[in-house]
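> One structure is given below, represented as structure tokens, and several questions about it will come after.
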Amino acid sequence: MKSNAFMLWLRRLGGRCCWVVGGILVFSGSAWARPRVVATTTLIADWVEQVGQDRIQLTSLLQPGVDPHVYEPVPADGVALEQAELVFYNGYNLEPGLIRLINATAQQARRIPLAEKIDPIVTAENGIPTPDPHVWGNVENVITMVEQIRQELTQLAPTEAAFFQANAAAYQAELEALHTWIIQQIQTIPPPNRVLVTTHDAFAYYTQTYGLTMGGSLIGISTEEQPSAQTVAQLVREIRALQVPAIFAETTINPALIQTVAAEAGVQVAEQELYSDSLGEPGSGAETYLEMMRLNTLTIVNALGGSPN
């Protein structure tokens, strides 16, 4: 009877693989066995969640709407990193405060700078060649990073290899479809209007990949920068010369200055802000990477005179 009851109990646990370590029963995929994984940004956390799902214990250090460029770590971040077995971060100095903390505290974890697996667009920031960290603007780059996530999770939890493989493949198929869809939507914008002007320079990969021109931005690739009066005046002149129908604010940056630029240049600021460095809060319609990219694309296409499907 005891043996039968024990087997019934095991079946109720969903058929998870189990073994004995030091007299303790350990279950693959259970709360006791799940490896601790940390992601810095909401974007990375979403990708890791798509692959790992309930087979990992995932902590996202940044919350929706928080700007990684200027984020100052809190004590809880250090605790999570000290306990982590695997840490995914963007790299290319997207989250400088967290990168410093990772190097100082995550000594027991394997540390993976996902964006640094991608050949970057290099821009001149204050005359210094600087890799652009916003690699997720090209969906194909995310497909590559998801494969890296799958490999790292498989190394961490080999018994879940088939589970991670199936999840990664399904998600990559969705990403492929999204990539094709964005191309189709951008092509509906009249060619003279295919120019993007934003608050900060976070869309170079998006514009390069999907057939837009980057018409300018108030600040460079990091939001730590503050635009000068000369920069603002120059952008106003560029917008007037380009004759674009709209320019765009971003959710993680105060929109006041870009609204001033729009008023002086005589153009509209798109009603919907773009999501650049963070996913949206619940109810925003941009809670996942797929949703964020769809919403951004619809916003751009509508504001620039296209006909989105």
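Numbering that gives the first Met the number 0 puts the last residue of the sequence shown at 308; the count rises by one with no breaks.
Yeah, the Cβ is synthetic: ideal placement off N, Cα and C, and Gly gets one too.
(1) Closest by CA to T259, which one among A285, Q271, A228, P72?
(2) Answer yes or no: do Y91 and E124 have a C-beta to C-beta separation smaller than 8 Å?
(3) Examine the ligand FMN and report whether any of its heavy atoms sits within less than 7 Å of the Cβ of E263.
(4) Give me the Cβ distance between V268 and P244, rounded to the nearest whole Å; I'm assuming they're in contact under 8 Å.
(5) Relative to the C-alpha of H68, which residue among I120, T40, E237 is closest?
(6) Just verifying my parser: in three-state terms, what is the DSSP assignment at R33?
(7) Where do the N-terminal and C-terminal ends of the beta strand (DSSP E) with V134 fall, by residue?
(8) Do you know offhand how far L113's Cα is from S59's?
(9) Buried or exposed: which applies to V73, given that a residue is buried once 16 or more other Cβ atoms fall within 10 Å of its Cβ?
(10) What is the rounded straight-line gap between the Cα of N301 and the Cα of Q82?
(11) Beta-carbon within less than 8 Å of P145's beta-carbon, same chain only, minus the 5 sequence neighbours each way: which residues are those?
(12) Going by beta-carbon coordinates alone, are I299 and L195 separated by less than 8 Å?
(13) Please classify Q107: does DSSP put it in a helix, a strand, or coil?
(14) Going by DSSP, what residue range makes up the beta strand (DSSP E) through L60?
(15) Assuming A44 and L57 form a contact by the criterion Cβ under 8 Å, report the distance between their Cβ atoms to the nearest whole angstrom.
(16) So G279 and T250 are supposed to be a Cβ contact under 8 Å. How far apart are they, rounded?
(17) Taking all protein chains shown into account, do 16 or more other C-beta atoms lie within 10 angstroms of the C-beta of G305, making it buried, or fewer, making it exposed?
(18) In the DSSP assignment, what residue or residues form a beta bridge with T197?
(19) Could you give the uninterrupted runs of the alpha helix (DSSP H) lying entirely in the segment 64-127, keeping only those of 4 residues or more?
(20) Going by C-alpha to C-alpha distance, which of D276, I238, I246, L85 sits closest to I148?
(21) Enumerate in chain order the residues of its own chain whose CB-to-CB distance from Y378 is below 8 Å, with the five nearest sequence positions on each side excluded.
(22) Going by DSSP in three states, V268 sits in which element: helix, strand or coil?
(23) Do S277 and V65 count as a contact pair if the criterion is CB distance below 8 Å?
(24) With a threshold of 16 other CB atoms inside 10 Å of the CB of A232, please say whether the residue is buried or exposed.
(25) With a cut-off of 8 Å on the beta carbons, I'd call I181 and M291 a contact; round off their distance for me.
(26) Could you please give the first and the last residue of the uninterrupted alpha helix (DSSP H) stretch that includes A165?
This is what the structure holds:
(1) Of the listed residues, the one whose Cα sits closest to T259 is A228.
(2) no
(3) Ligands are entirely absent from the displayed structure, and the ligand FMN is therefore not among its contents.
(4) Incorrect: roughly 11 Å between the Cβ atoms, too far for contact.
(5) T40
(6) coil
(7) Run containing V134: none; DSSP gives neither H nor E here.
(8) 15 Å
(9) exposed
(10) 45 Å
(11) Before going further, note that residue 145 is Val rather than Pro in the sequence given. Excluding residues within five positions, the ones whose Cβ falls inside 8 Å are W46, Q49, V50, A167, Y170, Q171, L174.
(12) yes
(13) coil
(14) It is not in any beta strand (DSSP E) - L60 carries neither H nor E in the DSSP assignment.
(15) 6 Å
(16) About 7 Å separates the beta carbon of G279 from that of T250, a gap short enough to meet the 8 Å contact definition.
(17) buried
(18) In the DSSP output, where bridge partners are listed per residue, T197 has S216, F247.
(19) 74-82, 95-104
(20) L85
(21) No information on residue 378 is available, as it lies outside the stretch 0 to 308 that the chain covers here.
(22) It is a strand residue.
(23) The beta carbons of V65 and S277 sit closer together than 8 Å.
(24) With fewer than 16 Cβ atoms within 10 Å of its Cβ, A232 is classed as exposed.
(25) Contact doesn't hold; Cβ gap of about 12 Å is too wide.
(26) 160-185
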